Every structure is written in C-alpha cells, then in structure tokens.
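Note that my numbering has the sequence shown beginning at 12, numbered continuously upward. We put the beta carbon where it would ideally sit given N, CA and C, even for glycine. These numbers were taken from a predicted model, which means no experiment stands behind them. Accompanying notes for the structure given below.
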Amino acid sequence: IRVGNQSFIVGIQADVTGKDLDVANGSGHREELRAVAEKVFEANINAWVRIQGNLFQTSPGAHTGADLLREQVPDKYSAAKQKFVNLEPLSGQDDPGSNFVFM
C-alpha cells in the first residue's frame with residue numbers, strides 16, 4: 012500500500028483452520044486490502060477536519076469529514092484517495108495483492 016510517497020507492505024492474518032478457502036483465486040484478500048486503504052484515507056480526512064475545527068475553535072457536526080466528502084463529491088473523493096493512498100504491486104509484480112506469503 013502506498014500512503015503519500017511512502018510504500019508499506021501490509022499483511023492481514025486470520026485463522027482459516029477448517030475453512031473452505033481458495034487461496035489461488037484470492038478469496039477476498041484484494042477487497043480487504045482496498046478496505047485498509049479506504050480506512051487510511053478516511054482517518055486522514057477526519058483528522059484534518061478535527062485539526063481545522065480546533066484551529067478555528069469550531070465543533071464539527073456528526074456528519075463531516077470523509078462521509079460528507081464521499082457523499083457530496085464522490086468523483087473528487089475518489090481522485091484524492093487515489094493520489095493519497097493506493098494499492099501498489101511489489102516491484103516485478105503486475106497486480107497488487109498477487110503475492111502470497113505463508114508463515
């Protein structure tokens with residue numbers, strides 16, 4: 012995952028003992044990684060809103076930040092998210108999330 016100009020390797024661990032899991036077909040790992048990227052972006056926007064509220068001594072309403080932007084300007088929200096945080100392939104890989112490492 013890339014956040015700003017910094018790349019990170021993210022792992023999601025779960026006990027799949029006794030589960031019918033088709034690792035070769037992804038089994039939802041890409042969706043999980045996309046959800047991680049979404050939460051990173053949401054947290055950044057919400058932190059920025061809180062900082063601005065503190066600077067201007069206002070209290071943000073219940074429906075501000077990432078939720079409001081996603082609803083009101085979804086195209087701009089998606090474009091900004093793509094610039095700020097995104098899944099990236101490991102060097103030499105075509106698809107982010109195509110590497111499996113089992114430990």
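**Prompt:** Whose CA, out of GLY29, ALA54, ARG41 and ASP31, lies closest to the CA of GLY22?
**Reply:** As a first step, residue 22 is located in the sequence shown; it is residue number 11 there, counting from the start. Considering only alpha carbons, the answer is ARG41.
**Asked** Taking DSSP as the reference, what is the three-state secondary structure of GLN17?
**Response** Locating residue 17 in the sequence shown gives position 6, where the first residue counts as 1. Strand, per DSSP.
**Item:** Cβ-based burial, ILE62 [other Cβ within 10 Å; buried from 16]
**Value:** The count along the sequence shown starts at 1 and reaches residue 62 at position 51. The residue is exposed, with fewer than 16 neighbouring Cβ atoms inside 10 Å.
**Asked** Just checking my contact of ASN16 with ALA48 at CB under 8 angstroms: how many whole Å lie between their CB atoms?
**Response** Taking the sequence shown and counting its residues from 1, one reaches residue 16 at position 5. Taking the sequence shown and counting its residues from 1, one reaches residue 48 at position 37. Going by Cβ atoms, the distance from ASN16 to ALA48 rounds to 15 angstroms, so no, they are not a contact pair.
**Prompt:** Secondary structure at VAL60, three-state DSSP: helix, strand or coil?
**Reply:** Counted from its first residue, the sequence shown places residue 60 at position 49. Annotated three-state conformation of VAL60 is helix, per DSSP.
**Prompt:** Just to confirm, are GLU99 and ARG13 a CB contact at a threshold of 7 angstroms?
**Reply:** Mapped onto the sequence shown, residue 99 falls at position 88. Mapped onto the sequence shown, residue 13 falls at position 2. A contact, by the Cβ cut-off of 7 angstroms.
**Request:** Give me the Cβ distance between GLY76 and VAL60, rounded to the nearest whole Å; I'm assuming they're in contact under 8 angstroms.
**Result:** Locating residue 76 in the sequence shown gives position 65, where the first residue counts as 1. Locating residue 60 in the sequence shown gives position 49, where the first residue counts as 1. About 4 angstroms separates the beta carbons of GLY76 and VAL60, which is inside the 8 angstroms limit, making them a contact pair.
**Asked** Does DSSP put VAL51 in a helix, a strand or coil?
**Response** Indexing the sequence shown from 1 puts residue 51 at position 40. DSSP places VAL51 in the helix class (H, G or I) of the three-state scheme.
**Asked** Roughly how many whole angstroms lie between the Cα atoms of GLN93 and GLU43?
**Response** Residue 93 sits at position 82 when you count from the first residue of the sequence shown. Residue 43 sits at position 32 when you count from the first residue of the sequence shown. GLN93 and GLU43: Cα-Cα distance of roughly 16 angstroms.
**Request:** Could you say which of ALA25, VAL27, LEU80 and LYS87 lies nearest to ALA54 if we only look at CA atoms?
**Result:** Indexing the sequence shown from 1 puts residue 54 at position 43. Restricting attention to ALA25, VAL27, LEU80 and LYS87, the CA atom closest to the CA of ALA54 is found in LEU80.
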